[in-house]
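There are 2 protein chains.
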Amino acid sequence: MALKAWNIQVNNANKFFDALSNESFLAEIAPGKNRIIYLMGHLIAVNDTMITLFGLGERLYKHFDDAFVNNPDRSGLPMPEISTLKADWKQSNEVLTSYFNQMPASDWFTKHSAMTDEDLAKEPGRNKLSVLINRTNHLAYHLGQLQLFS
Amino acid sequence: MALKAWNIQVNNANKFFDALSNESFLAEIAPGKNRIIYLMGHLIAVNDTMITLFGLGERLYKHFDDAFVNNPDRSGLPMPEISTLKADWKQSNEVLTSYFNQMPASDWFTKHSAMTDEDLAKEPGRNKLSVLINRTNHLAYHLGQLQLFS
Numbered sequence: 000m001a002l003k004a005w006n007i008q009v010n011n012a013n014k015f016f017d018a019l020s021n022e023s024f025l026a027e028i029a030p031g032k033n034r035i036i037y038l039m040g041h042l043i044a045v046n047d048t049m050i051t052l053f054g055l056g057e058r059l060y061k062h063f064d065d066a067f068v069n070n071p072d073r074s075g076l077p078m079p080e081i082s083t084l085k086a087d088w089k090q091s092n093e094v095l096t097s098y099f100n101q102m103p104a105s106d107w108f109t110k111h112s113a114m115t116d117e118d119l120a121k122e123p124g125r126n127k128l129s130v131l132i133n134r135t136n137h138l139a140y141h142l143g144q145l146q147l148f149s
Numbered sequence: 000m001a002l003k004a005w006n007i008q009v010n011n012a013n014k015f016f017d018a019l020s021n022e023s024f025l026a027e028i029a030p031g032k033n034r035i036i037y038l039m040g041h042l043i044a045v046n047d048t049m050i051t052l053f054g055l056g057e058r059l060y061k062h063f064d065d066a067f068v069n070n071p072d073r074s075g076l077p078m079p080e081i082s083t084l085k086a087d088w089k090q091s092n093e094v095l096t097s098y099f100n101q102m103p104a105s106d107w108f109t110k111h112s113a114m115t116d117e118d119l120a121k122e123p124g125r126n127k128l129s130v131l132i133n134r135t136n137h138l139a140y141h142l143g144q145l146q147l148f149s
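Top line first, the protein sequences correspond to chains P and L.
Quick note on numbering that gives the first Met the number 0: the first sequence kicks off at 0 and runs consecutively.
Quick note on numbering that gives the first Met the number 0: the second sequence kicks off at 0 and runs consecutively.
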């Protein structure tokens, strides 16, 4: 169910991004607020952290963190071309889906890599599934903002 | 975990609404977009549907549907005073929390009231828990929009 909710939000984001012209990615979601390009890179980078948090492999977009997570929009840090970023968004979701499909159901209830065994013993709800639920809400949060662009 | 995610979003919304003056509720989240008062009423009404969907009792805010769900903002339909609406938001969440706390864990995996037994047999993931997850993402979606107001 949590995976289904994740997929629903990803599909909604796909629909939104697919309908935009490349020029629109440089527009602000509202006057003075983040640009669409920033939110797309931000979502790629934040979603990408699940790869290491779940112990599935190496992150693909760690190099996005500076421009899209650790700093606000218009930091002057380099960003990819829109066409590259759109391909990155697709690839990011394909890679995550492939990883998620390989995970045995029981694995979702194990601790993520930023936790100790003691952490999990104290708070069994702080597991991989809780990270996915959190990332899904994070995606929905920014999707709500993106949808204001018209 | 799903309940924890729900509570996190409700607490984030509480923090946002509590920090606002009553006058601010009449402001738009962005130029030409929904006003804060509309989104608050919308969230109350949509969250309220869980009471009947989960078979917990009668809805408290069905009378909000016309002004806050079935019609867009500025429909001209009457809305409560801000102070009343803020009290309704608190009450809505207290009532839902109280209902949720009474639900046995197994109940979350049963069908919601808008489904038939056949629906659940075909799609066991379409249960009460999936409605809660969906409502949590809906709350996060609009909270992302609300946070643009500053």
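Ideal Cβ positions, reconstructed from N, Cα and C, are used throughout, including at glycine.
Distance CB(residue i)-CB(residue j) smaller than 8 Å
i, j, result
"P:L153", "P:A29", "Here chain P covers residues 0 to 149 and nothing more, so residue 153 of chain P does not appear."
"L:L138", "L:L25", "no"
"P:L76", "P:N46", "no"
"P:N136", "P:T109", "no"
"L:M49", "P:S129", "no"
"L:L59", "L:H141", "no"
"P:I159", "P:L84", "Any property of residue 159 of chain P remains undetermined from this structure, which presents chain P solely from 0 to 149."
"P:S112", "P:T51", "yes"
"P:G143", "L:G40", "no"
"L:W88", "L:F15", "no"
"P:D65", "P:R34", "no"
C-alpha gap between residue i and residue j, whole angstroms
i, j, result
"L:A12", "L:S20", "15 Å"
"P:F63", "L:N133", "29 Å"
"P:K32", "L:D106", "42 Å"
"P:L150", "L:I81", "Look at the range of chain P in this structure, 0 to 149, and you will see that residue 150 of chain P is not part of it."
"P:M78", "P:L145", "19 Å"
"P:A44", "L:G124", "29 Å"
"P:N6", "L:K121", "19 Å"
"L:N100", "L:D118", "26 Å"
"P:E27", "P:S149", "10 Å"
"P:E22", "P:A86", "16 Å"
"L:F53", "P:A4", "19 Å"
"P:M102", "L:N70", "43 Å"
"L:D116", "P:K61", "46 Å"
"P:F67", "L:A104", "39 Å"
"P:Y98", "L:L131", "26 Å"
"P:M114", "P:E57", "17 Å"
"P:Q157", "L:N10", "Residue 157 of chain P lies beyond the stretch modelled for chain P, which goes from 0 to 149, so this question has no answer here."
"P:E93", "P:S74", "29 Å"
Bridge-paired residues (DSSP) for residue i
i, result
"L:E122", "None; L:E122 has no bridge partner."
"P:K127", "Looking at the DSSP assignment, P:K127 forms no beta bridge with any residue, so it has no partner."
"L:K173", "As displayed, chain L neither begins before 0 nor continues past 149, which places residue 173 of chain L out of reach and without an answer."
"L:E27", "L:R34"
- Message: Ignoring anything shorter than 4 residues, give me the alpha helix (DSSP H) runs that lie fully in the segment 31–77 of chain L, in order along the chain.
- Response: 35–52, 64–67
- Message: Against chain P, which members of the segment 7–22 of chain L pass a CB distance test of less than 7 Å?
- Response: Q8
- Item | Residues in the segment 22–55 of chain L having any Cβ partner in chain P nearer than 7 Å | A29, P30, K32
- Task: Could you run through the segment 76–97 of chain P and flag, in chain order, every residue whose CB is less than 9 Å away from some CB of chain L?
- Result: none
- Query: If you measure beta-carbon to beta-carbon, which residues of the segment 111–127 of chain P are closer than 7 Å to chain L?
  - Reply: G124
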